[in-house]
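Residue numbers (the numbering used here): 590 to 728.
In structure tokens form, the structure reads like this:
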């Protein structure tokens, strides 16, 4: 089975969902019948953040869609739909594993290729409002 994981970011970006996805890709690769790839956003400060790139992490393809920054913690990536279709076309997944919350994942609803596949939607954790940063309440 071929699984395409769709998330916000990926290591070296520090975050719980990001490290969970990296661990999951490595765990899946230990089974001969499971193959994984990830579609994520390039994060600010990362090489090619505005162009995007394709790389490999522990023998798993990682598609990093171009990202122009974040607005209220959500990646701004107008080319994400194109990268979604590219990742599906190149990797040929049997299943989309969508890691939420991730506003770009809603592009799956508009993609004919994504709608043709079964989805597993995984909600990780809500952002808890903080007295330290009022922007968290908006996210």
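Backbone N, C-alpha and C define an ideal beta-carbon position, used for all residues, glycine too.
- Nearest CA to the CA of residue 692: which residue from 614, 656 and 676? Among 614, 656 and 676, the Cα nearest to that of residue 692 is on 656.
- Message: For residue 625, list the residues DSSP reports as bridge partners.
- Response: 592, per the DSSP bridge assignment.
- Task: Taking residue 665 as the reference, give the member of 702, 631 and 617 with the closest Cα.
- Result: Ranked by how close their Cα comes to the Cα of residue 665, the residues 702, 631 and 617 have 631 in first place.
- Give me the Cα-Cα distance between residue 706 and residue 661, rounded to the nearest whole angstrom. Between residue 706 and residue 661, the alpha-carbon positions lie close to 30 Å from each other.
- Query: Among 614, 597 and 616, which has the Cα closest to the Cα of residue 696?
  - Reply: Residue 597 is the option with its Cα nearest to residue 696.
- Relative to the alpha-carbon of residue 625, which residue among 668, 663, 679 and 670 has its alpha-carbon at the smallest distance? Selected option, being the one with the closest Cα: 679.
- Look at residue 623 and residue 594 and say whether their C-beta atoms are less than 9 Å apart. The Cβ atoms of residue 623 and residue 594 lie no closer than 9 Å to each other.
- Query: Alpha carbon to alpha carbon, what distance is there between residue 605 and residue 641?
  - Reply: Each residue's alpha carbon lies about 22 Å from the other.
- Task: Drop a sphere of 10 angstroms on the beta-carbon of residue 712, count the other beta-carbons inside from all chains shown, and report buried for 16 or more, exposed for fewer.
- Result: Counting Cβ neighbours within 10 Å, residue 712 comes out exposed, since fewer than 16 surround it.
- Since residue 676 is in the alpha helix (DSSP H), which residue starts that stretch and which ends it? Segment 669 to 680, the alpha helix (DSSP H) holding residue 676.
- Message: Considering just the uninterrupted stretch of the alpha helix (DSSP H) at residue 608, what are its terminal residues?
- Response: If you look at residue 608, you'll find it in the alpha helix (DSSP H) that goes 605 to 618.
- Query: Considering only the beta carbon of each residue, do residue 709 and residue 684 sit closer than 9 Å?
  - Reply: Cβ atoms of residue 709 and residue 684: closer than 9 Å.
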